[in-house]
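S.K.: Structure in structure tokens, see below.
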Amino acid sequence: MTAEKKRGILLGIIYLITAVAVLFGAFAVYNLALVQKPWTLTTTYLSTLNLDASKSPIISVNIKSNRNNNGQKISDVQFNGYSDVEGKGVTGFGIQVYGDYSVKNSKQYQGTEVYGTSYKDPTLFSAEQQVDHTYINGNFTFYKTGDGGTTYYTVPYSDLKDYLIIDIDGDIYRLLLKEYSFSFRRNKSNFFKYLGGCFTGNYWENYTVNAKYTWYDVFDKIISSANNTNLTDTHAAYPLNGFDLNEYLDIQVKKDGKFVALPKTTDSQKLFAIPVDYSNDGATKVEDSMFDMVKGSATWGYWNNTTVKDFWGVGESIVITEKEINFVYLTSYDGNFLTLDPRLQNYLKTYAGDIRININLANITKDVKGIDLSAFNFNAKEFNITNSNAGFILLNEDSCKTLPTVTEV
């Protein structure tokens, strides 16, 4: 066989191998393109409304923790979304709590054994109000705005919608409060049922209840995570990054003019980046709230509706009333006692004019057991406490320079 024939055969083999490789390679690419993937895993970080020119944050937080005992504790959470499905306007609502609070939903008590005739009146809950199956204690105020957070007005909780409209990569989505179910066992009396002539006593019935999360639940989740008990400085600003609210919020996509659930084959995780403004000081004026309102008032002030600087102004006489009083809870007495803010106390020690103290307990909503006189260790021209109950306790009398005259009801 000549060299030329050998070269021809070798080239033929090479062409054949190449053709087979191209054929099977093309098939492999074609096959991979046609195979339907069983799911898609995506993680999206939500921070601002990107279709809004001002890039409004979806969720933001303001906390005046009052760890320095120099004002009032307030916690604010603001939610922003689009006012329409086209993303042309921004509307928002806010939740504010004044002082301490507690939120408990029934899912936390899955499998609870309940004694009584109705689950909605169980002894294991003690709440000032109930929304769906969430139980709430605390002084809450709700706000709305239609101008991107410039001006707020107060509304009842029932005015809040159960969703937010946002955008992700230019598409419109809806964050909707999730539904959930929980089960419990209820103990019922069975005084008239006999089996084989024997009294059977009480018996248990199993119940499953459908419920829906509330904005109270979302608020509590955010505030509980945003509180910074380790902060040594007075003020700090920091983000809650990768914050998961998937337990409380469903996400739906707008399709053909309607919001529909995401495909079940999609595992889509939505994590929030939430800016937090945190202070160890307490609030003393409405500007300390992101809503420029406290307890629904645009003129609220911790120091008798004045600023601290005005209160410290020089005058011939100062009158201290129940409006300037703080409270301390003493576990040994299981009750609230009257006291003063340390800043006011220190100022009154050096004040050269007359100090008059007139405290009318009828104007105080708290149940008060007595007064801690160690906070009143300065000279007062008069010191009167009226409308007290019998047994009103005077603590630390030795440290008080002017003992109060206490008038009972």
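For the sequence shown, counting from 1, position 339 maps to 331 in our numbering; every step adds exactly one.
We put the CB at the ideal spot given by N, CA and C, even for glycine.
1) Here's the rule: buried if 16 or more other CB atoms are within 10 angstroms of the residue's CB, otherwise exposed. What is D159?
2) Drop a sphere of 10 angstroms on the beta-carbon of K361, count the other beta-carbons inside from all chains shown, and report buried for 16 or more, exposed for fewer.
3) Please report how far the alpha carbon of T399 lies from the alpha carbon of N350, in whole angstroms.
4) On a Cα-Cα basis, can you pick out the residue from E78, V95, Y74 and G79 that is closest to F408?
5) What's the C-alpha gap between Y339 and K56?
6) Would you check if the distance between the CB atom of H227 and the CB atom of Y270 is smaller than 9 Å?
7) Helix, strand or coil for K204 per DSSP?
8) For W196, count neighbouring Cβ atoms within 10 angstroms of its own Cβ and tell me buried if that reaches 16, exposed if not.
9) Check for me: the beta strand (DSSP E) holding P334 runs from which residue to which?
10) Runs of 3 residues minimum, wholly inside the stretch 343 to 395: which ones carry the beta strand (DSSP E) assignment?
11) Cβ atoms of Y101 and V123: under 9 Å apart, would you say?
12) Is E279 helix, strand or coil when you go by DSSP?
13) For K250, which beta-bridge partners are listed by DSSP?
14) For Y135 and Y127, which I take to be in contact (beta-carbon distance under 8 Å), what is that distance rounded to the nearest angstrom?
15) Taking the alpha-carbon positions, what's the Q70 to I266 distance?
16) Does G288 have its Cβ less than 9 Å from a Cβ in chain D?
17) Output needed for F251: all residues of its chain with C-beta closer than 6 Å, excluding positions within five of it in sequence on either side, in chain order.
18) Just tell me which of N72, E78 and Y199 has its CA closest to the CA of T142.
19) Excluding sequence positions up to five away, which residues of its chain have a Cβ less than 7 Å from the Cβ of L15?
20) Quick one: grab the DSSP three-state call for E120.
21) Would you mind sorting D76 into buried or exposed? The rule is 16 or more other CB atoms within 10 Å of its CB.
22) Helix, strand or coil: which one does DSSP assign to I50?
23) Assign T206 to one of two classes, buried (16 or more other C-beta atoms within 10 Å of its C-beta) or exposed (fewer than that).
24) Flag this pair as yes or no: are the beta carbons of F264 and G234 separated by less than 9 Å?
25) Rounded to a whole number of angstroms, what is the C-alpha to C-alpha distance between P255 and L168?
26) Over what stretch of residues does the beta strand (DSSP E) that includes R166 continue unbroken?
27) If I follow the unbroken beta strand (DSSP E) through P231, where does it start and stop?
28) Express the C-alpha separation of L322 and N219 in angstroms, rounding to a whole number.
29) Short check: CB of T36 to CB of K47, under 9 Å?
30) Return helix, strand or coil for K99, following the three-state DSSP convention.
31) Using DSSP bridges, identify the partner residues of E400.
32) Looking at R348 and A382, is the spacing between their C-beta atoms short of 9 Å?
M.R.: In short, the structure shows the following:
1) Around the beta-carbon of D159, 16 or more other beta-carbon atoms lie within 10 Å, marking it buried.
2) By the beta-carbon neighbour count (other beta carbons within 10 angstroms, threshold 16), K361 is buried.
3) Separation of T399 and N350 (C-alpha to C-alpha, rounded to the nearest whole angstrom) is 11 Å.
4) The structure shown does not extend to residue 408, since the chain spans only -7 to 401, so no value can be given for it.
5) Their Cα atoms are separated by approximately 23 Å.
6) By the CB criterion at 9 Å, H227 and Y270 fall inside the cutoff.
7) In the three-state reduction of the DSSP assignment, K204 falls in the strand class, which pools E and B.
8) By the neighbour-count rule (16 or more Cβ atoms within 10 Å), W196 is not buried but exposed.
9) Bounds of any beta strand (DSSP E) do not take in P334; it lies within the alpha helix (DSSP H) bounded by P334 to T342.
10) The stretch 343 to 395 contains these whole beta strand (DSSP E) runs: 346 to 352, 360 to 364, 374 to 380 and 385 to 387.
11) Not closer than 9 Å, so no.
12) In the structure shown, E279 sits in a helix (DSSP, three-state: H, G or I).
13) Listed as beta-bridge partners of K250 by DSSP are K247.
14) Contact flag wrong, Cβ pair sits at about 23 Å.
15) Using only the alpha carbons, I get a separation of about 10 Å.
16) Checking the listed chains, one finds no chain D in this structure; it contains a single protein chain.
17) Within the same chain, F251 has close Cβ partners R166 and Q244.
18) Closest in C-alpha terms to T142, from the list N72, E78 and Y199, comes N72.
19) Summary for L15: the model assigns pLDDT 38, below 50, so the residue's position carries little reliability; its value from the coordinates is reported in the next sentence. Leaving aside the five residues that flank L15 on each side, none in its chain has a CB nearer than 7 Å to its CB.
20) DSSP places E120 in coil when its eight states are reduced to three.
21) The residue in question, D76, is exposed, as its Cβ has fewer than 16 Cβ neighbours within 10 Å.
22) Looking at I50 - three-state DSSP - the assignment turns out to be coil, as it is neither helix nor strand.
23) That one is buried.
24) Cβ atoms of F264 and G234: closer than 9 Å.
25) Rounded to the nearest angstrom, the two C-alpha atoms are 16 Å apart.
26) D163 to L169 is the span of the beta strand (DSSP E), which, as asked, contains R166.
27) P231: member of the beta strand (DSSP E) spanning H227 to D236, first to last residue.
28) Computed Cα separation, rounded: 24 Å.
29) Cβ distance not < 9 Å, so T36 and K47 don't count as in contact.
30) Helix, per DSSP.
31) S380.
32) Result no, Cβ atoms of A382 and R348 do not sit closer than 9 Å.
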